[in-house]
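Just so you know, the sequences run in chain order A and B.
Following my numbering, the numbering of the first sequence begins with 2 at its first residue and continues without gaps.
Following my numbering, the numbering of the second sequence begins with 3 at its first residue and continues without gaps.
Idealized CB from N, CA, C, for every residue including glycine.
Note that the coordinates shown come from a computational prediction; the quantities given were computed from them, not determined experimentally.
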Amino acid sequence: DAGITQSPRHKVTETGTPVTLRCHQTENHRYMYWYRQDPGHGLRLIHYSYGVKDTDKGEVSDGYSVSRSKTEDFLLTLESATSSQTSVYFCAISFQRAFTDTQYFGPGTRLTVL
Amino acid sequence: QQQVKQSPQSLIVQKGGIPIINCAYENTAFDYFPWYQQFPGKGPALLIAIRPDVSEKKEGRFTISFNKSAKQFSLHIMDSQPGDSATYFCAAAHGNQFYFGTGTSLTVIP
């Protein structure tokens with residue numbers, strides 16, 4: 002998985018609790034992304050980062066925030082988890098360009114919100 | 003509104019067959035069209051990608067056909083093998099816009 006780890010790999014939480022997912026890369030790639038994958042929707046972009054402390058919203062950003070204080074780490078926070086945020090979350094990285102370049106995906110985090 | 007429409011949702015072929023997966027888009031600004039392959043429990047992995055200045059691209063047994071005027075592109079898998087059984091996603095991108103299709107589950111029967 003191209004030097005990308007995600008933690009935790011599985012998490013069960015309750016509605017209303019905050020949750021933070023971590024993506025860590027060892028490739029020193031500039032661009033990092035968070036997607037969610039749901040049946041019937043494919044993968045949808047939540048947020049992305051084009052450098053340390055530089056982030057932007059994606060297609061489905063409501064209810065999520067991100068932070069990138071170091072090149073290697075990109076954190077996704079669900080401020081108050083809801084059942085609609087039950088999903089599989091994937092982190093991705095790319096080297097030269099945002100989006101129009103190969104994206105390498107991590108192994109995913111399965112999140113269940115009860 | 004789905005920016006990239008992918009069909010079929012699922013596909014079953016015999017070994018050696020040529021599955022074809024189709025995608026259509028509306029935004030003529032898109033200028034990068036990748037295909038990703040995903041096995042169960044894994045993240046997607048880039049298979050092949052094309053830009054709109056060419057009509058076809060081949061890499062091994064995988065071919066993308068691109069029809070700019072119709073705003074459609076498709077993936078062909080030649081001599082398909084059981085190991086090709088996976089979910090395939092098309093995507094389209096321009097600038098900071100990037101959209102995946104909804105995926106096609108391919109099963110290749112031995």
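Q.
So the candidates are A:Lys71, A:Asp63, A:Thr72; which of them puts its Cα closest to the Cα of leucine 79 of chain A?
A. Of A:Lys71, A:Asp63, A:Thr72, the residue nearest in Cα terms is A:Asp63.
Q: Throw me the rounded Cβ distance for the alanine 82 of chain A and threonine 18 of chain A pair, which I believe falls under 8 Å.
A: 6 Å
(Q) Please list, in chain order, the chain A residues whose beta carbon lies closer than 9 Å to that of lysine 44 of chain B. (A) Asp2, Phe106, Pro108, Gly109
Q.
With a threshold of 8 Å between beta carbons, is tyrosine 34 of chain B in contact with chain A?
A. yes
Q. What residue from B:Leu77, B:Val56, B:Ala72 has the CA that sits closest to isoleucine 66 of chain B's CA?
A. B:Leu77
Q. Using a Cβ-Cβ distance under 8 Å, would alanine 95 of chain B count as near chain A?
A. yes
Q.
Counting C-beta neighbours from all protein chains within 10 Å, is the total for isoleucine 5 of chain A 16 or more, i.e. buried, or is it exposed?
A. Classified as buried, isoleucine 5 of chain A has 16 or more neighbouring CB atoms from the shown chains inside 10 Å of its CB.
Q: Check whether the Cβ atoms of glutamate 60 of chain A and glutamine 26 of chain A sit closer than 8 Å, and answer yes or no.
A: no
Q) Who are the neighbours of aspartate 57 of chain A on chain B, taking C-beta pairs under 9 Å? A) Asn98
Q) Tell me the DSSP bridge mates of asparagine 24 of chain B? A) B:Ser9, B:Ser76
**Q.** Among B:Val15, B:Trp37, B:Lys7, B:Gln8, the one whose alpha carbon lies nearest that of aspartate 81 of chain B
**A.** Taking only the C-alpha atoms, the option nearest aspartate 81 of chain B is B:Val15.
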